[in-house]
Structure formats: structure tokens, C-alpha cells
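Read through the structure below, which is laid out as C-alpha cells, and then see the notes.
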Amino acid sequence: MKDFILDVNDLHTSFFTPAGEVRAVNGVSFKLAKGKVLGIVGESGSGKSVTAYSILRILDNPGRITQGQILFKGQDITKFSKSEMRKFRGSRISIIFQDPMTSLNPVYTVGNQLTEAIRLHTDRNRSEAWERAAEMLTLVGVNEPLKRLKQYPHELSGGMRQRVMIAMALACEPDILIADEPTTALDVTIQAQILELMQELQKKLGMSIIIITHDLGVIADMCDEIIVMYAGRVCERGTADEIFYNPCHEYTKGLLKSIPSIVGKRERLVPISGTPIDLLNMPKGCAFCERCDSAMKICLTETPEEIRMNHDHLAACWMNVAEVYKSERAGENAPAAAEVKEAEDE
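Note that this note's numbering numbers the sequence shown so that position 256 is 256, with each residue one more than the last.
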């Protein structure tokens, strides 16, 4: 039995606008084991970031959690008061936002912002907090940390600002680090450095990480498990090997086809046709059916449930139901049934 540090169960988050209810997260469930790395992938508007903000309860009005549980070590975060959440954020779960330039306050020095977080969540005094801030900058690879503490965000490069954000998130030794598009505004070389740094810190500190991105290539070698989201729902989940080498949802296949390859013959990138779904006018059936080349009649009217493809892989696609039905008729489902039973027993 795995030791799950975070258990998100049937999470629903909506934004109540004058135009209607926008169901940004619609029944998302997942578990995060201690010391593991979970990747959440999907295009803009798929509900990745809103899921993260729901976990930390930092949703702006008119957004709010309407249903579900978020269990951290057995405690339901959705029941915490505002004061309890202020103590919880940063000390138990921290987040790195997409753009460090807009996340850091331009009128305060790096040292002021780092020490504020440290003093808020620990009993360190001013000088001890300053020492801890310098120690954290050293840990994340910032050169001349004492000099950097006296500088303002605009005086640092993009990669350096991102390292400061990581230092701030880890200063109070949280159990979980959420990284929301941590490499979006960085060039390719700095992206690789930041991802490598996060991997090193994860191994050194033993924390769990949730990394949110739109780029499957970013997390190929980093994640123990990957969740693919579309229109506020989980459409596929599994180990990195399963997602990359055995994708079972048409949306995941589309994401993989849009990644350029550096080996083999030259091939055209195949974009996913159509536009992202309007969350104000969700279809009755599969949210991806209007953009899917393999859509069937049932896809228009019925929402597919998750089907277990094997022990480490689930996907919510009617194409898989059709395949399972064919294999059942052919008498080929015995191995799959055994794997499903084994997973259910766990």
C-alpha cells in the first residue's frame, strides 16, 4: 500500500460569471505518493492551473470549489479556515508561479521577500531569516547570494528570478512543491537547468512535486506519473512510459504528434484541429469529440468513463471501450482482466 501524501477526490471548481457557470475543473481525482513527481499536462484552458490553485485555495472571485475533497495527510484542506490556510501555504505546500517577474514584488529587494516568507512560517528572527535566505539561494545555484539578497527583481535575469522563486518556495521545507509552468518564460538552455535543479532538490529533500505544463517533452524524464487533462477532466493517466509509448486517448496522441522529433526521417508536425472547447457550453458527451478524427456517434452524447488499459494506465475514451469489447468477443481479455483485478485489490 503506497503512502499517499495528497488525495484529490472528485474535485469540482467553477467560476460564476455574468454569462454563466464556467466549470473549469470537473471531477478531477488523483493521488500523490510521498517523494514522487506527478506531471499534469494539457493545453491552455484545460484546468491544470485551476486544479493547483484549488489545492492551495488561492482562487480569485468569482471562482470557488463546489464539490470534492482535497486530503493532505488525511486532513481535508477544503474545510480549513482562512487563518489555517495562511499557515498551511508555504509551510506544507508551496507553489512556483508561471512568470517570476510578476510573482516577485518589484519595489522590494529579493532579501526582503525571502525573509518575509521565512519569518511568517518559522520562529526565526531577522538575522536568522537572512542567513536562511542566503543558504537557500546557495542551494538553488545562485552565485554571490549575499549580493543578490540586496538586489531588486529587475536586476536579475529570468533564470535567476526563477531560482529565487524556487528558493522562496522551498525555504520552509514544504512536503509538496507545485511548479506551475516553471519554464515557460525561459530559453531552452535555462529550461534544462531549472528542470535539472528541481530534480536534484527533489532527491536531496525527499519532497513530492506536482509539475504543470503544456509541453510533454518538458517532463518526459522527470515524472513518475503523468495526468493528461482536457476541458477540466482527466482524459488519461499513467506512467511516463505508458503515456509516451502507448497513448490510449486521441487527445494524448494529438499532443505527442505535435512534438518535433530529432531522430528518424523528417516528418510534418500534425496539429490538433479545431479550437479549445467553450467551457460555458460543454457538450453532453466527450469534450474532445468535435476535434477528434476518430469520433463515433456515442462520443456526441455519452461521457466516457476511465477504462483500465493495464496496471499502470487508465484512459477515458470510447475507442478503448470498443477495443475491450472486441477483445472480449475474441476471448483475449484474460491477461487484462487479471491486471485490473490486481490493481483493484491494491
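Even glycine gets a Cβ: it sits at the ideal position worked out from N, Cα and C.
Remember, it's a predicted structure, so these values are computed and weren't measured experimentally.
Since residue i contacts residue j with CB under 8 Å, what's their CB separation in whole angstroms?
| i | j | result |
| --- | --- | --- |
| Ile95 | Asp180 | 6 Å |
| Pro62 | Thr13 | Their Cβ separation, rounded to whole angstroms, is 11 Å, which puts Pro62 and Thr13 out of contact at 8 Å. |
| Ile166 | Val140 | 5 Å |
| Pro153 | Arg161 | 6 Å |
| Cys235 | Tyr251 | 5 Å |
| Leu279 | Val8 | Contact flag wrong, Cβ pair sits at about 20 Å. |
| Ala46 | Ala315 | Position check: residue 46 holds Ser in this sequence, whereas Ala was assumed. Contact flag wrong, Cβ pair sits at about 16 Å. |
| Ala52 | Ile277 | Actually they do not touch by this definition, with Cβ atoms about 20 Å apart. |
| Glu43 | His214 | 6 Å |
Since residue i sits in a beta bridge, which residues does DSSP pair it with?
| i | result |
| --- | --- |
| Gln67 | His12 |
| Asn61 | Looking at the DSSP assignment, Asn61 forms no beta bridge with any residue, so it has no partner. |
| Leu88 | First, the residue type needs correcting, since residue 88 is Phe and not Leu in the sequence shown. In DSSP, Phe88 forms no bridge with anything. |
| Ala315 | Glu236, Ile307 |
| Met229 | Val234 |
| Glu112 | Sequence check: residue 112 is Asn here, not Glu. According to DSSP, which records beta bridges pairwise, Asn112 is partnered with nothing at all. |
| Gln75 | Phe72 |
| Ile243 | Ile243 pairs with nothing; no bridge assigned. |
| Asn26 | His12 |
| Ser208 | Ile176 |
So what does DSSP say about residue i, is it helix, strand or coil?
| i | result |
| --- | --- |
| Val37 | strand |
| Val321 | helix |
| Arg132 | helix |
| Leu177 | strand |
| Ile259 | coil |
| Gln202 | helix |
| Lys253 | helix |
| Val107 | coil |
| Lys82 | helix |
| Thr213 | strand |
| Lys31 | strand |
| Gly20 | strand |
| Val270 | coil |
| Leu190 | Per the sequence shown, the amino acid found at residue 190 is Ile instead of Leu. The answer is helix: DSSP assigns Ile190 an H, G or I state. |
| Leu6 | strand |
| Glu344 | Reliability of the predicted coordinates at Glu344 is poor, the pLDDT of 41 falling under 50, and no value is obtained from them. |
| Ser127 | helix |
| Ser49 | helix |
| Ser94 | strand |
| Ser294 | coil |
| Ser283 | Inspection of the sequence shows that residue 283 is occupied by Pro rather than by Ser. In this structure, Pro283 counts as coil in the three-state DSSP scheme. |
| Lys147 | helix |
| Ile219 | helix |
| Gly141 | coil |
| Gly42 | coil |
| Thr102 | helix |
| Leu56 | helix |
| Leu170 | helix |
Residues in its own chain within less than 8 Å of residue i by CB, not counting five upstream and five downstream?
| i | result |
| --- | --- |
| Ile5 | Leu32, Ala33, Lys34, Phe72, Lys73, Asp175, Ile176, Ser208 |
| Leu149 | Thr109, Val110, Gly111, Leu114, Trp130, Ala133, Ala134, Leu137 |
| Ile374 | Nothing in the structure corresponds to residue 374, since the chain is present only between 1 and 346. |
| Ser54 | Leu11, Thr13, Val25, Ile65, Ile70 |
| Leu205 | Leu170, Glu173 |
| Leu256 | Leu216, Phe244, Pro247 |
| Gly20 | Leu280 |
| Lys87 | His121 |
Apart from the five residues just before and just after residue i, which ones in its own chain have a Cβ nearer than 7 Å to its Cβ?
| i | result |
| --- | --- |
| Ser103 | Phe97, Met165 |
| Ala220 | Ala240, Phe244 |
| Ser91 | His121, Cys172, Pro174 |
| Ala287 | Tyr230, Ala231, Arg233, Ile277 |
| Gln199 | Met222 |
| Pro106 | Tyr152, Pro153, His154 |
| Val50 | Thr13, Ala24, Val25 |
| Ile259 | Leu216, Gly217 |
| Gly274 | Glu290, Arg291 |
Can you list, in chain order, the residues of its chain whose CB lies under 6 Å from that of residue i, leaving out five sequence neighbours each side?
| i | result |
| --- | --- |
| Leu89 | The amino acid occupying residue 89 in the given sequence is Arg; Leu does not appear at that position. Excluding positions up to five away in sequence, the list reads Leu56. |
Checklist line | Stretch-stretch touch, CB-based, cutoff 8 Å, three pairs: the region 224-234 with the region 34-45 | finding: yes
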